[in-house]
Structure formats: C-alpha cells, structure tokens
Amino acid sequence: MTKVIDCPLCNGGKLKIEISNGYKIVTTGALSELPCICRCKNCNRNVKYKVVKEECEK
526 MTKVIDCPLC
536 NGGKLKIEIS
546 NGYKIVTTGA
556 LSELPCICRC
566 KNCNRNVKYK
576 VVKEECEK
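Just so you know, the sequence shown maps onto residues 526 to 583 in this note's numbering.
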C-alpha cells in the first residue's frame, strides 16, 4: 500500500512511501533512530523516517 504524507521540512511537498497495512510512518525523533530515507521532490532534501506498527485502539 502506498501512503502519502506531507513533507515535514517544507510542508508543501508530498512523500509517497510504500508500507504494509497496520504500520505508520514517524518522521520525528533523533535522526540516529530514523533508518529510512526518501527525497522530497518539492524542496529536494532527504527526509528521514521510520516505520512502526500501529497500536490497536479499542
């Protein structure tokens, strides 16, 4: 499944990231803890992120 999020650096670009259902993308935190990188086509900068499992809400 492709997930589209706003670029956290320029707030104008869209990032398309391929992830499985039940997971979410986190772009905040220490840069050393964010292992994945994608490039924003709007601001032309690398955006670091990590993929974590979503918690079940009851």
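Where is the CB? At the ideal position from N, CA and C, for every residue including glycine. Bear in mind that the values here come from a model prediction, so they are computed numbers and not experimental data.
Whose CA, out of the options, lies closest to the CA of residue i?
i, options, result
"Glu-580", "Lys-573, Ile-550 and Arg-564", "Ile-550"
"Cys-532", "Thr-553, Ser-545 and Asn-546", "Thr-553"
"Asn-569", "Val-529, Ile-544, Lys-539 and Lys-528", "Lys-539"
Return the first residue and the last residue of the beta strand (DSSP E) that residue i is part of.
i, result
"Lys-566", "Premise fails: Lys-566 is in no beta strand (DSSP E) and is neither H nor E."
"Asn-571", "571 to 578"
"Thr-553", "Looking at the DSSP string, Thr-553 is not in any beta strand (DSSP E), and its letter there is neither H nor E."
Under three-state DSSP, which class holds residue i?
i, result
"Ile-530", "strand"
"Ile-544", "coil"
For the putative contact between residue i and residue j, defined by C-beta atoms under 8 Å, what is the C-beta separation to the nearest angstrom?
i, j, result
"Val-572", "Tyr-548", "Actually they do not touch by this definition, with Cβ atoms about 17 Å apart."
"Cys-565", "Leu-534", "7 Å"
Indicate, with yes or no, if the ligand COA has a heavy atom lying under 7 Å from the CB of residue i.
i, result
"Glu-580", "In terms of ligand content, the structure shown is empty, and the ligand COA therefore cannot be addressed."
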